[in-house]
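K.L.:
188 is the number of the first residue of the sequence shown in our numbering; add one for each residue after it. Provided herewith is a single structure, encoded as structure tokens, for subsequent inquiry.
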Amino acid sequence: MKNYGTMLKKIRQEKGLSQKDIYDGIMTRQTYYLIETNVSMPSFDKFLLILEKLFVSVDEFLYLLNHETFPTDHHLYHQLSQAVFKHDQQMFDSLIENSRQVFETTKNQKFFHLNLVTQAMSRLTKAPNDPDTMKFLKQMMSPIKDYLTGIDKWYLYELKLLNNSLYCFELSEAIALGTLVGRKIDSLSHLEQYQDIKLRIYLNLSSLCLTCRDYENTLFFSALAKENANTDYRLFEMIIANLNYEIAQTVIKKHKENSKITNYLVLLETLDYQVTVKEYKNILATHLTSI
188 MKNYGTMLKK IRQEKGLSQK DIYDGIMTRQ TYYLIETNVS MPSFDKFLLI LEKLFVSVDE
248 FLYLLNHETF PTDHHLYHQL SQAVFKHDQQ MFDSLIENSR QVFETTKNQK FFHLNLVTQA
308 MSRLTKAPND PDTMKFLKQM MSPIKDYLTG IDKWYLYELK LLNNSLYCFE LSEAIALGTL
368 VGRKIDSLSH LEQYQDIKLR IYLNLSSLCL TCRDYENTLF FSALAKENAN TDYRLFEMII
428 ANLNYEIAQT VIKKHKENSK ITNYLVLLET LDYQVTVKEY KNILATHLTS I
């Protein structure tokens, strides 16, 4: 990493910290001076301690150092979510090419995975009802499925990868992968980031199952989402999980009305989630007409 010391110095000065604020308790003043002047490289454990005192994460530091050489997962997947939200094929094409080039340069598999997911989402956005789309998606997602099922434990990267690629799998494959979450998460699963992404996986799976009229699995995954949302006090996620659950229950039991659904929609309107309310009214019109 070129100019790593210059970047450390820049961050330190911008935060109004002295050299002593950083090196104290870690190393000598002279050793730290050599690091900031790009003469010597700190060991990995010392590097982490320096970043800790600067209140900067490794990803953030690498992105600041050179975002083209060290693009972060968060940054690139944010671009992907924007492309999906805007249905912007130009953004898809740009990210496909960018992720391909970065993968060829770094040989880092995460950029290969991103490239596959972006290609799949681009095709899904462009031609969702094309008979060849599912065949294309199955081909694109096969390496990601093999990766996720082939490792013993999932860490944060694997959870994010699954969540970002859920809608690119066939429903049966998405469900099968979703049921692995509880068994594949490692001993750090109590950390907030793990809980957050696990909740999102269960919530997205419940919505995916509801869209595909798989009401039994909608109940299963929305119940898991409710449990996790309640533990973490996530109001919006709790409402959505309950909505999915009650809609599935209503269809299965062939009830004409469900006051809980109305109450949850009123809550969303009160919280100013008008777009979400509109989407659920469309869902209700589609799923409850046959009862």
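Glycine residues also receive a C-beta, built at the ideal position from the N, C-alpha and C atoms.
Can you name the start and end residues of the alpha helix (DSSP H) that Pro-229 belongs to?
P.N.:
Segment: none, Pro-229 is in no alpha helix (DSSP H) and carries neither H nor E.
K.L.:
Find out if the Cβ-Cβ distance for the pair Lys-385, Asn-415 is shorter than 8 Å.
P.N.:
Yes; because the gap between Cβ atoms is below 8 Å, this pair is in contact.
K.L.:
Just to confirm before moving on: does the CB-CB distance between Val-271 and Thr-320 stay below 8 Å?
P.N.:
No, the pair does not count as a contact, with Cβ atoms beyond the cut-off.
K.L.:
Which of the three DSSP states is assigned to Ile-213 in this structure?
P.N.:
Residue state, collapsed to three classes: coil.
K.L.:
Taking the CB atoms as reference points, tell me whether Ser-393 and Asn-450 lie closer together than 8 Å.
P.N.:
Their beta carbons are not under 8 Å apart, which means Ser-393 does not touch Asn-450 by this criterion.
K.L.:
Taking only the alpha-carbon atoms, compute the straight-line gap between Leu-455 and Gln-461 and give it to the nearest angstrom.
P.N.:
Rounded to whole angstroms, Leu-455 to Gln-461 spans 7 Å at the Cα level.
K.L.:
Under 8 Å by Cβ, that's how I've got Arg-199 and Leu-241 pegged, so tell me the actual separation to the nearest angstrom.
P.N.:
With a Cβ gap of about 6 Å, Arg-199 and Leu-241 count as contacting.
K.L.:
Would you call the CB atoms of Leu-411 and Tyr-381 closer than 8 Å?
P.N.:
Result no, Cβ atoms of Leu-411 and Tyr-381 do not sit closer than 8 Å.
K.L.:
Under a Cβ-count criterion, where at least 16 other Cβ atoms within 10 Å of its own Cβ denotes burial, should Val-453 be classed as buried or exposed?
P.N.:
Val-453 comes out exposed.
K.L.:
Would you kindly work out how many angstroms separate the C-alpha atoms of Pro-330 and Gln-206, rounded to a whole number?
P.N.:
If I take the Cα positions, the gap works out to 47 Å.
K.L.:
With C-beta atoms as the reference, is Leu-395 less than 8 Å away from Leu-358?
P.N.:
For Leu-395 and Leu-358, yes; Cβs fall inside 8 Å.
K.L.:
Contact check, Ile-338 vs Thr-305 under 8 Å by CB: the rounded distance?
P.N.:
No, Ile-338 and Thr-305 are not in contact; Cβ-Cβ is about 22 Å, not under 8 Å.
K.L.:
Pull up the distance between the alpha-carbon of Val-243 and that of Met-278, whole angstroms please.
P.N.:
Rounded to the nearest angstrom, the two C-alpha atoms are 29 Å apart.
K.L.:
Among all the DSSP beta bridges, which residues are the ones paired with Ile-372?
P.N.:
Note: Ile-372 sits in a beta bridge opposite Trp-341.
K.L.:
For Leu-195 versus Glu-223, is the C-beta distance shorter than 8 Å?
P.N.:
Contact: yes.
K.L.:
Taking just the CA atoms, how far does Arg-310 sit from Leu-324?
P.N.:
Their backbone Cα atoms lie some 8 Å apart in a straight line.
K.L.:
Take Ala-435 and list the residues in its own chain whose beta-carbon comes closer than 6 Å to its own, dropping the five residues that flank it on each side.
P.N.:
Within the same chain, Ala-435 has close Cβ partners Tyr-402, Thr-405, Leu-406.
K.L.:
In the DSSP assignment, find the alpha helix (DSSP H) that holds Arg-387 and state where it starts and stops.
P.N.:
Counting along the chain, the alpha helix (DSSP H) containing Arg-387 begins and ends at 379-398.
K.L.:
What distance in whole Å lies between the Cβ atoms of Lys-294 and Trp-341, which are believed to be in contact at a cut-off of 8 Å?
P.N.:
So it is not a contact: roughly 22 Å between Cβ atoms.
K.L.:
Starting from Val-245, follow the alpha helix (DSSP H) in both directions and report where the run begins and ends.
P.N.:
First-last of the alpha helix (DSSP H) with Val-245: 245-253.
K.L.:
For the alpha helix (DSSP H) that contains His-128, what are its first and last residues?
P.N.:
Because the chain in this structure spans residues 188 to 478, residue 128 falls outside the shown range and cannot be described.
K.L.:
Please report how far the alpha carbon of Thr-218 lies from the alpha carbon of Asn-253, in whole angstroms.
P.N.:
Their backbone Cα atoms lie some 24 Å apart in a straight line.
K.L.:
For Ile-426, which residues in the same chain have their Cβ closer than 7 Å to its Cβ, ignoring the five residues on either side in sequence?
P.N.:
Closer than 7 Å at Cβ, skipping near neighbours: Tyr-451, Leu-454, Leu-455.
K.L.:
Just to confirm, are Phe-408 and Gly-365 a CB contact at a threshold of 8 Å?
P.N.:
Contact: yes.
K.L.:
If you follow the alpha helix (DSSP H) that Arg-287 is in, where does it begin and where does it stop?
P.N.:
Note, Arg-287: alpha helix (DSSP H), 276-293.
K.L.:
What's the C-alpha gap between Ser-227 and Ser-374?
P.N.:
Ser-227 and Ser-374: Cα-Cα distance of roughly 35 Å.
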